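Chemist: All the letters of the sequence shown, read from the start, carry residue numbers 1010 to 1344 under our numbering. Cβ atoms here follow ideal geometry from the backbone N, Cα and C, with glycine treated the same way. Bear in mind that the values here come from a model prediction, so they are computed numbers and not experimental data. The structure that follows is given in the form of structure tokens.
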Amino acid sequence: MLQTILDSQHPIIQAPMAGVTSPKFVVACTEAGLLGSIGAGYLDGEQTKQFIQEVKKLTTKPFAVNLFVQEEPQIDIEVLQKARMALQPFYDELGLSPVQSVVSKEVFAGQVQAVIEEKVKICSFTFGIPSAEVLKQLKEHGVYTIGTATTLEEAQLVEQAGMDAVVLQGGEAGGHRGSFTAPLQLIPLYDLLQQVAGKIAIPIIAAGGLVTKKDIQKALESGAQAVQVGTALLVAEECEISPLYKNAVLASKEQETTITLAFTGKPARGIANDFTKRMKDATVAPYPLQNYLTTTIRKESAKQGNAEYLSMWMGENSHLVQHAGTVQSIVDKWL
Ligand SMILES: Cc1cc2nc3c(=O)[nH]c(=O)nc-3n(C[C@H](O)[C@H](O)[C@H](O)COP(=O)(O)O)c2cc1C
1010 MLQTILDSQH PIIQAPMAGV TSPKFVVACT EAGLLGSIGA GYLDGEQTKQ
1060 FIQEVKKLTT KPFAVNLFVQ EEPQIDIEVL QKARMALQPF YDELGLSPVQ
1110 SVVSKEVFAG QVQAVIEEKV KICSFTFGIP SAEVLKQLKE HGVYTIGTAT
1160 TLEEAQLVEQ AGMDAVVLQG GEAGGHRGSF TAPLQLIPLY DLLQQVAGKI
1210 AIPIIAAGGL VTKKDIQKAL ESGAQAVQVG TALLVAEECE ISPLYKNAVL
1260 ASKEQETTIT LAFTGKPARG IANDFTKRMK DATVAPYPLQ NYLTTTIRKE
1310 SAKQGNAEYL SMWMGENSHL VQHAGTVQSI VDKWL
């Protein structure tokens, strides 16, 4: 039973949400009986280590660390130039220039090292499958590995790579698509569960649009051994995102989210706003370059309290999120 391995009270995983999860939030989730997850995607090795140590100071319960499988972007200078030009009106309006940053595979190696050195028991991945060498290293240290898939083909690739479990991410899910094969597909969660259940032997974790007790039960009856929830936990008191973001989740209406490449260069689901609309047909640099190009725009908009240029990731069912109490009070409604 997957839940025994996860060592959590409930078969529910707090979705790793890079840029959103803080030690306080992860610990509140573990204390409420979920498997807490550190979204370490935007951290380097040292920052990942510090985050793990902070969580360990606050709880003895197990938790997971989630990493982005890194790919070196193919840099086409012309595309990069066009992508910068497309963002120029936003830089001009806000009086900014883009942040330059260095992409490096060493960052990923440092994160894996932090997971091993800190004896983290569970490590999940999105954006692809880590190398056989990394998986072997993690396995040798007894780390339980979880991949992310958005299609049957990806789920089978995760299993063939020897990973221990797979998150099936339905098209409704908030945040980045974990997809790593083309073409991009947005298969609704229950269709995806139907396509994959019985075709792979490793445990399935269902993710995407799960907000209510009924949703969670249905996923667990449709072939999933556990669920992973993101958006419904964003509004928790212990979640340290801005009030602007929380209010956007609570005020969101049906069909207000969209899939956009404009913020990071990878498709992700969030609230549709001026930025996603104006950038709809613009040239976008590949991930993570677009992420660096839009960093100052997002930071300055947050400072100005302007929600129109912010990336506010949330799932398609954000309009069903109504409850904004403690993590424990949100979890109580699922039981
Ligand atoms: C704000 C936000 C950030 C996310 N960041 C990550 C991440 O760092 N790693 C990851 O594997 N998934 C990430 N996801 C996707 C979640 O793992 C999960 O698939 C999704 O939250 C499920 O859909 P829901 O938001 O409707 O519950 C993120 C989701 C959200 C909403």
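For the alpha helix (DSSP H) containing N1315, list its first residue and its last residue.
Modeler: Position 306 of the sequence shown, counted from the first residue, corresponds to residue 1315. First-last for N1315: undefined, no H or E at that position.
Chemist: Please classify I1131: does DSSP put it in a helix, a strand, or coil?
Modeler: Taking the sequence shown and counting its residues from 1, one reaches residue 1131 at position 122. The answer is strand: DSSP assigns I1131 an E or B state.
Chemist: Return helix, strand or coil for N1075, following the three-state DSSP convention.
Modeler: On the sequence shown, residue 1075 is found 66 positions in, with the first residue counted as 1. Here N1075 sits in strand by DSSP.
Chemist: Measuring CB to CB, does I1225 end up less than 8 Å from L1219?
Modeler: In the sequence shown, counting from the first residue as 1, residue 1225 sits at position 216. In the sequence shown, counting from the first residue as 1, residue 1219 sits at position 210. Their beta carbons are under 8 Å apart, which means I1225 touches L1219 by this criterion.
Chemist: Is the beta carbon of G1179 less than 8 Å from the beta carbon of L1201?
Modeler: Working through the sequence shown from its first residue, we reach residue 1179 at position 170. Working through the sequence shown from its first residue, we reach residue 1201 at position 192. Contact: yes.
Chemist: Excluding the 5 residues flanking M1288 on each side, which residues of the same chain have their C-beta closer than 6 Å to its C-beta?
Modeler: Against the sequence shown, residue 1288 aligns to sequence position 279. Correct list, in chain order: A1271.
Chemist: To the nearest angstrom, how far is the alpha carbon of V1112 from that of L1344?
Modeler: Indexing the sequence shown from 1 puts residue 1112 at position 103. Indexing the sequence shown from 1 puts residue 1344 at position 335. Any reading at V1112 must be qualified, since the residue scores a pLDDT of 49, below 50, and its modelled position is unreliable; no value is offered.
Chemist: Any residue with its Cβ nearer than 5 Å to a heavy atom of ligand 1 should be included. What is that list in chain order?
Modeler: Residues with a Cβ closer than 5 Å to any heavy atom of ligand 1, in chain order: A1024, P1025, M1026, A1027, V1029, G1048, G1050, N1075, T1135, Q1178, A1182, G1183, G1184, A1216, G1217, G1218, V1238, G1239, T1240, W1322 and G1324.
Chemist: By the 10 Å Cβ neighbour count, where 16 or more other Cβ atoms means buried, how is K1114 classified, buried or exposed?
Modeler: Translated into the one-based positions of the sequence shown, residue 1114 becomes position 105. Exposed is the call here.
Chemist: For M1094, does the count of other Cβ atoms within 10 angstroms reach 16, so buried, or fall short, so exposed?
Modeler: Counting from one through the sequence shown, the residue named residue 1094 turns up at place 85. Answer is exposed; the Cβ neighbour count stays below 16.
Chemist: Under DSSP, the beta strand (DSSP E) around G1045 begins and ends at which residues?
Modeler: Along the sequence shown, one-based indexing puts residue 1045 at 36. Residues G1045 to G1048.
Chemist: Taking E1163 as the reference, give the member of T1057, V1175, T1154 and Y1153 with the closest Cα.
Modeler: Sequence index remark: in the sequence shown, residue 1163 carries index 154 (1-based). Of the candidates T1057, V1175, T1154 and Y1153, the one whose C-alpha sits nearest the C-alpha of E1163 is V1175.
Chemist: Is the CB-CB distance between T1266 and G1279 below 8 Å?
Modeler: Along the sequence shown, read from residue 1 onward, the residue named residue 1266 stands at position 257. Along the sequence shown, read from residue 1 onward, the residue named residue 1279 stands at position 270. Taking 8 Å as the Cβ cut-off, T1266 and G1279 qualify as a contacting pair.
Chemist: Provide the residue(s) that pair with H1185 in DSSP beta bridges, ordered along the chain.
Modeler: Looking up residue 1185 in the sequence shown gives position 176. DSSP, once it has assigned bridges, lists A1277 as partnering H1185.
Chemist: Classify L1105 as helix, strand or coil using the three-state DSSP reduction.
Modeler: Counted from its first residue, the sequence shown places residue 1105 at position 96. Three-state DSSP puts L1105 in coil, outside helix and strand.
Chemist: Please state whether the Cβ-Cβ distance between L1259 and A1316 is less than 8 Å.
Modeler: Along the sequence shown, read from residue 1 onward, the residue named residue 1259 stands at position 250. Along the sequence shown, read from residue 1 onward, the residue named residue 1316 stands at position 307. Against a cut-off of 8 Å, the Cβ pair of A1316 and L1259 comes out as no contact.
Chemist: List in chain order: all unbroken beta strand (DSSP E) runs of 3+ residues lying wholly within the region 1139-1174.
Modeler: Listed in chain order, they are 1153-1158.
Chemist: Quick one: what's T1269 bridged to in DSSP?
Modeler: To locate residue 1269, count along the sequence shown from 1; it is residue 260. Paired residues: A1277.
Chemist: Helix, strand or coil, according to DSSP, for L1229 in the structure here?
Modeler: Within the sequence shown, residue 1229 is the residue found at index 220, counting from 1. Looking at L1229 - three-state DSSP - the assignment turns out to be helix.
Chemist: Got a sec: does ligand 3 put a non-hydrogen atom nearer than 7 Å to the Cβ of K1058?
Modeler: Among the ligands modelled here, namely ligand 1, ligand 3 does not occur.
Chemist: Return helix, strand or coil for I1213, following the three-state DSSP convention.
Modeler: Within the sequence shown, the letter at position 204 stands for residue 1213. Three-state DSSP puts I1213 in a strand.
Chemist: K1091: which of L1298, K1227 and G1217 sits nearest, CA to CA?
Modeler: One-based indexing of the sequence shown puts residue 1091 at position 82. Taking only the C-alpha atoms, the option nearest K1091 is L1298.
Chemist: Would you tell me roughly how many angstroms separate the C-alpha atoms of L1229 and A1235, rounded to the nearest one?
Modeler: Sequence index remark: in the sequence shown, residue 1229 carries index 220 (1-based). Sequence index remark: in the sequence shown, residue 1235 carries index 226 (1-based). Distance between the alpha carbons of L1229 and A1235 is about 6 Å.
Chemist: Please determine, among A1073, M1172, K1065 and D1016, the residue with the shortest C-alpha to C-alpha distance to M1026.
Modeler: Here residue 1026 refers to the residue found at position 17 when the sequence shown is read from its first residue. The residue with the shortest Cα to Cα distance from M1026 is A1073.
Chemist: What residue range is occupied by the uninterrupted alpha helix (DSSP H) comprising Q1083?
Modeler: Against the sequence shown, residue 1083 aligns to sequence position 74. Element bounds for Q1083: n/a, residue is neither H nor E.
Chemist: Which residue from G1324, L1044, V1244 and F1284 puts its Cα closest to that of Q1097?
Modeler: Counted from its first residue, the sequence shown places residue 1097 at position 88. When only C-alpha atoms are compared, the closest one is F1284.
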